[in-house]
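Here the structure is laid out as structure tokens; the discussion comes afterwards.
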Amino acid sequence: MPTNFTVVPVEDTPLSDPDYDGDILKEEDKEESDTVAGPYSGDETLRETSSLISTDHDDSIYGKHMALYEDEIDSTPMVSSLLNKLAHYTNVTQGVIEHEEAESEDGIQRVTVKGPQMGTFIGVFLPCMQNILGVILFLRLTWIVGTAGIMQALAVVFMCCSCTMLTAISMSAIATNGVVPAGGSYYMISRALGPEFGGAVGLCFYLGTTFAGSMYILGTMEIFLTYIQPEANVFDDQEPNGMQNNMRIYGTCCLAIMTLVVFVGVKYVNKLALIFLSCVVLSIMAIYAGVIQSAIKPPNYTICLLGNRTLKNKFDKCLKTEVIGNVTHPTELWRLFCKGDLGNETCDEYFNLNNLTEIRAVPGLLGGVISDNMWGHYGQVEKIVEKKEQSSEQASATNDVLKSYVINDIATYFTLLVGIYFPSVTGIMAGSNRSGDLRDPQRSIPSGTILAIVTTSFIYISCVVLFGACIEGVVLRDKYGDSVKKTLVVSTLAWPSPWLIVIGSFFSCCGAGLQSLTGAPRILQAIARDGIMPFLQVFGHSKANGEPTWALLLTAVICEIGILIGSLDEVAPILSMFFLMCYLFVNLACAVQTLLRTPNWRPRFKFYHWSLSFLGMSLSLSLMFVSSWYYALFVILIAGCIYKYIEYRGAEKEWGDGIRGLSLNAARYALIKLEEAPPHTKNWRPQLLVLLKLDSELGVKHPRLLSFTSQLKAGKGLTIVCSVLEGTYMAREADAKLSEKNIKAAMAKDKTKGFCHVVVSSNQRDGFSHLIQSAGLGGMKHNAVLVAWPTNWKQSESSLSWKNFIETIRETTAAHQALLVAKNIDTFPTNQDRLAEGTIDVWWIVHDGGLLMLLPFLLRQHKVWRKCKMRIFTVAQMDDNSIQMKKDLQMFLYHLRLDAKVEVVEMHAGDISAFTYEKTLVMEQRSQMLKQMQLSKTEREREIQSISDESRNSIRRKPCGQKPSHNPKLQVPTIILDEEPQLIHYKNTKAHASQNDKPTPTPTSDRVHMTWTKEKLISERNRLREANMTVRDIFNMKPEWENLDQTNVRRMHTAVKLNEVVVNKSQGAQLVLLNMPGPPKNNCGDENYMEFLEVLTEGLERVLLVRGGGREVITIYS
């Protein structure tokens, strides 16, 4: 049928008005606040999707045009509504600019903000430049070049810059794979690798940023106390640890001031950021200008050498003596090495043997020193800095004059320099941390970050070459500029004034320290608000303007720890470890996502490859151990502890991370491999399908079955816990989910690791049959079924319980799976119990794969059964050699490596007792009677009572050889009838003697409970004689044993005799394991089969009936 459509033009709406944005945002925020009740819950998934799904719609409009979809409007928004939300989606930052949120009494409400306006240059490039270029460039790069030489210094720079470049490529791919909310690198890593890795790496990134603040503050104080105001020192530099103590005192004061500035408001830091960045740019320009100037006119800085040793320049003239008015006078330098007056002096031997030489500190670009600085000059601690090309007479130096030389304050080697230099290339995350303030983060972050790394790498490489080409080697190795009168070494090359670099580097370090103290608390706040670590929740709170107060205080405390170390050279390797750990996982996240090829992995940045990510990851890990292997192990240990803490105590989060995808791929691969061939006997272990019964409230009826499961499995192998609800899934969907929740809670309580599944079926028999057939997946399928014995099956109103039980046995056997039936399961020990002593008795009647041998061994691995001994009993017939059987069994157990006591029990062939015939007779009469009687329910109940009473009156259980006697009053069985034929519960049998003390249930309309005397029975029989003549003909009350089914007689005889032996030997055992006989092939003897099993296990406290699956599960071979 053709359908007519009418095209209606859409009128302009206020949405086209740019001034309307604020109202739209306010309305959306109001809707969003209504959907999220209470304070922030830490559920990131809700936070990400709530702004994109709208259920607002006009019923009249949708009713007219979209009636076909009107039932789904509430759960699935129309495309027009979704696009409207996407167009006005605002991605706010976490506090870089104070507009993220304001707290109220009702919870958290978003504040209307203007859209982000920063582009690539302002938002990404300049912040990265400011963070990368800093304290190491001004304070340590000259020393690294002088110590390592130009070639090795270039190698250090190349390795570190390559690491950051590869990391930036991986970060760009992650950052352009969808919208990156505020939170920057932590958000990217956690959402890509999951909460465990995200939390661990997030805290490492936080600690790295915090220690970076310590390093910048220490650098600030080093510039201030060494080059700007040396007179401010509290302790003398010549004293041991004097310099470090000064750094600790002033560093703590500086930290307090910076913390106060950040606490007052981050807006002041943002206002000063441009000033700090200008200082960095001007300082670098001054260096390049100085290089050009040095080629034209080298600076006037000179150094004084004694022989080939570099002297601290604390004097005016590089002379031993000077002539003033034709009179020779000793100089200030002479007094440092000599004692006494001129002519009667006692001078240092090396001072006497060598002459003084004064050379230029900065020969300039054309000075020819590049060849001397090409290779490294490493040295031990307190080694004098020497110019190797200068000739000298060797002599030992005393401790008194050692202070006059420039010496190494630490031992130098290549790996140390890597650890000290690496912090100078960190800061590549500055752009991604500002993702909330960028106009187009997916375009700005890759281009801005990579451009910043290329620019800074060029600056570092060029500086390495230019420093080595312009500055004298001994000056480069002079870390604190002692040879040039306490002048910052890099400032000797500056033009127009060295103070330009000194002041510029001072403010640059101050700015970097403030940025660290500003960014680190927000990283911690983001981690805390995710709720993945409960103990960090307090740090998620903030002031009304969004300032994370508590996180700032913790950051200041940790930063103070770094300051108390007191040395920039010792703090730098620590933060290198934390940043390298972060970069390692950024590369790992990109590599995992690329290799998994998840549908959601569609980054706009195309210039990436998994091999580059793996190379970056390998390089990061290598640099960690190259820099400091013990720091690397320490940081890995910290990250591992955080990972395990989040795994066991943290909140469960589903972020669609790559690790989960990797687990799914690994599981798929393993399942496919397992499918190729069945497991070898050596690898066989019970993979259990546990069939649970639920009570009326959908709770676990036998929770100790789960305890026994965990004891048997000890956390290994597959465990599938299942149950069946009767009905239809549409009607009982909520009940099924509630049942699964209850079962999972019970599994968690008993520490049962496994899977849970509840199915809804028209009847329990079909449900259990489907589970036995289809539970599991591929090679991870169950090979054993664990069920509980149907308790009180004789008193049950319906026969379905024990009939379903027998059908489960049949289907398990047909599926070639093992079956474990726990009888009296409620008496089994819990996981908290400890069985101090006792035995686990195995009655090995038939061999069906050796499962009976394996189960006690597995149980004894658990702490509940660990102290129990294992005993194995086997039964010998008359024609068996019991002595030889015992020896063979002991040898078999020896080869199986099982420690057990062996005993052979002889069962002599004897006459079948009267009790056996009695049990068989009553069993057959009950079965036939319930099947053939066609009377009314009440008449059937009374007739069964009379027949059973006469039968029980004619035969009483007596010991062998005694005649049966009669009592004037007989206990008649309680008969419980229903539409299905049921078994009779004989209260006077030994198996149920313990139940006689229990109160009898209140009779109902469906049950008849009678206890008759002989006189009442006779009168009742006379009353019903005529009506029930046909039944009396069928069941003659005389015990005609010769007419009984001899098969049932033999089976009952076996059950009775075997029960006597088992009870005699194992009545005090903690657990008895028995071979479970198979069910009858037809359904006619099901009632008899249950009675056989009841007789076989009566008198035993805990019984585990075991039926093998038909394959060997234990072997003597290795």
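According to our numbering, the residues represented by the sequence shown are 21 to 1138, in order.
Here a beta-carbon is modelled for each residue, glycine too, at the ideal position from N, C-alpha and C.
Spanning the alpha carbons of D715 and K721 requires a straight line of approximately 5 Å.
Ranked by Cα distance from K626, the options P466, I152, P1100, N364 are led by P466. As the crow flies, the alpha-carbon of F526 is around 13 Å from that of C274.
Taken atom to atom, the span from the alpha-carbon of K563 to that of G219 is near 24 Å.
Here R854 is exposed, its C-beta having fewer than 16 other C-beta atoms within 10 Å. When secondary structure is reduced to three states using DSSP, P876 falls in the helix class. With contacts defined as CB atoms closer than 8 Å, A652 and V495 fail to qualify as a contacting pair. The beta carbon of G533 lies closer than 7 Å to those of G233, Y236, I237, T240, M278 in the same chain, with the five residues before and after it left out. Here V484 carries a helix assignment [DSSP, helix/strand/coil]. Here P810 is actually not in contact with F788; their C-beta atoms are around 13 Å apart, not less than 8 Å. In the DSSP assignment, D861 is bridged to R891, V1092. Contact between the region 468-477 and the region 208-217 is absent, with fewer than three C-beta pairs closer than 8 Å. Sequence-distant partners of L691 (beyond 5 residues in either direction) whose C-beta falls short of 7 Å from its own C-beta, in its chain, are L797, G798, G799, M800. In this structure, L572 sits near V282, with a CB-CB distance shorter than 8 Å. Of the candidates P723, G774, N783, N783 places its Cα closest to the Cα of Y749. Residue burial is scored here from C-beta neighbours: G501 has at least 16 other C-beta atoms within 10 angstroms and is therefore classed as buried. Note that the C-beta distance between S464 and G139 is below 8 Å.
In this structure, the straight-line span from the alpha carbon of H790 to that of L725 is close to 21 Å. A distance below 6 Å between beta-carbons, with the five flanking residues on each side excluded, links Y321 to the following residues of its chain, in chain order: A381, V382, V504, T512. Within the same chain, Cβ atoms closer than 6 Å to the Cβ of L913 are found at A920, the five residues on either side in sequence being excluded.
A distance below 7 Å between beta-carbons, with the five flanking residues on each side excluded, links M1096 to the following residues of its chain, in chain order: L839, V841, L1125, V1126, R1127. The region 364-399 is shown to contain whole alpha helix (DSSP H) runs of 4 or more residues at 369-373, in chain order. When secondary structure is reduced to three states using DSSP, V300 falls in the helix class.
Counting of Cβ neighbours within 10 angstroms places G468 among the buried residues, the total reaching 16 or more.
If you draw a straight line from the Cα of R1071 to the Cα of T1117, it is about 14 Å long. In the structure shown, I430 adopts coil according to DSSP, grouped into three states. By the Cβ test, the region 854-867 is in contact with the region 875-887, since at least three Cβ pairs between them sit closer than 8 Å. K713 is bridged by DSSP to nothing; it lacks a bridge partner. Here C742 is buried. Its C-beta has 16 or more other C-beta atoms within 10 Å.
By alpha-carbon distance to I295, the top candidate from Y207, E242, I194, Q150 is Q150. Taking V485 as the centre and dropping the five residues before and after it, the same chain places the C-beta of I170 closer than 7 Å to its C-beta, in chain order.
Where F141 is concerned, there is no enclosing beta strand (DSSP E), because DSSP gives it neither an H nor an E.
In the pairwise beta carbon analysis, the region 441-460 is classified as touching the region 152-171: at least three pairs are separated by under 8 Å. The beta carbon of L709 is closer than 6 Å to those of I740, A795, H802, V805 in its chain, skipping five residues each way along the sequence.
A direct Cα-to-Cα measurement between L918 and R211 gives close to 49 Å.
As the crow flies, the alpha-carbon of V744 is around 20 Å from that of S727.
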